[in-house]
Amino acid sequence: MNQNTVTPEAQPYRSFVYRQLQAAGAHFSHCRQAAIAAGYAGADIEQARLQRLALADLSPLPRLGFKGVGVPAWLQGQGVNMPETANTAVADPQYGLVARLGYNELLLLGRDAAQGDAQERLAATWQAGADIPAQGNLLLRAHSHACFGLYGAFADQVLAKLCAVDLRPRTFAQHAAALTSVARVGAIIIRDDVAGVTGYQLLVDGSYAVYLLDCLSDAMTEFDGDFIGLDTLAAAAG
16 MNQNTVTPEA QPYRSFVYRQ LQAAGAHFSH CRQAAIAAGY AGADIEQARL QRLALADLSP
76 LPRLGFKGVG VPAWLQGQGV NMPETANTAV ADPQYGLVAR LGYNELLLLG RDAAQGDAQE
136 RLAATWQAGA DIPAQGNLLL RAHSHACFGL YGAFADQVLA KLCAVDLRPR TFAQHAAALT
196 SVARVGAIII RDDVAGVTGY QLLVDGSYAV YLLDCLSDAM TEFDGDFIGL DTLAAAAG
């Protein structure tokens, strides 16, 4: 990803909340055809935020969904690593985090541009009609959903203020997934720790992105949480 005077307005695609991130002082870098918030403060400051409580906009990262009878078998035939049971996720080095939201519904969450390229090739194979299941559907989740990452020692306490599901680390295991309600809005939550730091990915329909960002930011105030950029997450993950 390239930094230097990158502006969201100059990109073909923009995060649903880029204006709010600009107001918070974000600087941006290229992420495929979009701009992603790379950072807000110095590296040491953001690393401290990550440990305590931090919010990152992951919306510009690549995402792809598949749903329908026969989809799991087709994806396995394409070499996608996936969980055996619903409401869980596994890491796939080629495609990113693969979450199984139902027996026949899967979501691929890319972590970088290379995984986005792999997802793009997978989507092209599907669209070319390579023995795809008759009842299957390709879902362009990068355009329909916003994605936020919430990290740190107080992340579960923030979510406890907004969600009725018990998301504490001792009950909601690493790579567990839930379709639930956050701040009265339907959301997908996936436990996704970073270098030993408790983390959650939250996905919501893009029309609710600004609302959910405001709710999360407000709930974080009690614990002195703040924004971090993708550079901090990448550095922590190594």
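In our numbering, the protein residues as written are 16 to 253.
Just so you know, even glycine gets a beta-carbon here, dropped at the ideal spot from N, CA and C.
Could you give the residue range of the alpha helix (DSSP H) that holds residue i?
i: Arg64; result: 58 to 67
i: Arg183; result: That residue, Arg183, is in no alpha helix (DSSP H); it is neither H nor E in DSSP.
i: Ser44; result: Counting along the chain, Ser44 falls outside any alpha helix (DSSP H), though it belongs to the beta strand (DSSP E) covering 42 to 46.
i: Gly131; result: 128 to 142
i: Arg156; result: 156 to 159
i: Ala250; result: 245 to 252
So, is residue i buried or exposed, given that buried needs 16 or more other C-beta atoms within 10 angstroms?
i: Gln134; result: buried
i: Asn96; result: exposed
i: Gly144; result: exposed
i: Ala106; result: exposed
i: Thr236; result: exposed
i: Ala129; result: exposed
i: Pro108; result: exposed
Alpha carbon to alpha carbon, what distance is there between residue j and residue i?
i: Ser232; j: Ala52; result: 16 angstroms
i: Arg199; j: Ser222; result: 14 angstroms
i: His160; j: Asp132; result: 19 angstroms
i: Gln18; j: Phe43; result: With a pLDDT of 46 at Gln18, under the threshold of 50, the modelled position of that residue is not reliable, and the figure given next carries that caveat. Approximately 6 angstroms between the Cα atoms of the pair.
i: Asp127; j: Tyr215; result: 17 angstroms
i: Val173; j: Ala49; result: 29 angstroms
i: Ile147; j: Ala168; result: 43 angstroms
i: Arg67; j: Ala39; result: 19 angstroms
i: Asp207; j: Gln142; result: 30 angstroms
i: Asp239; j: Leu65; result: 11 angstroms
i: Ala149; j: Gly85; result: 8 angstroms
i: Tyr226; j: Gly83; result: 30 angstroms
i: Pro27; j: Leu76; result: 14 angstroms
i: Val197; j: Asp229; result: 12 angstroms
Taking the beta strand (DSSP E) that residue i falls in, what are its first and last residues?
i: Gln216; result: 214 to 220
i: Val197; result: 192 to 197
i: Leu123; result: 120 to 124
* Asked: Below 8 angstroms, can you find three or more Cβ-Cβ pairs linking the stretch 67 to 77 to the stretch 25 to 36?
  -> In short, these stretches touch, since the Cβ pair count reaches three.
* To do: Could I get the ranges of all uninterrupted beta strand (DSSP E) runs contained in the stretch 88 to 114, with 3 residues as the minimum, in chain order?
  => Given a length threshold of 3 residues, each whole run of the beta strand (DSSP E) inside the stretch 88 to 114 is given here in chain order: 103 to 107.
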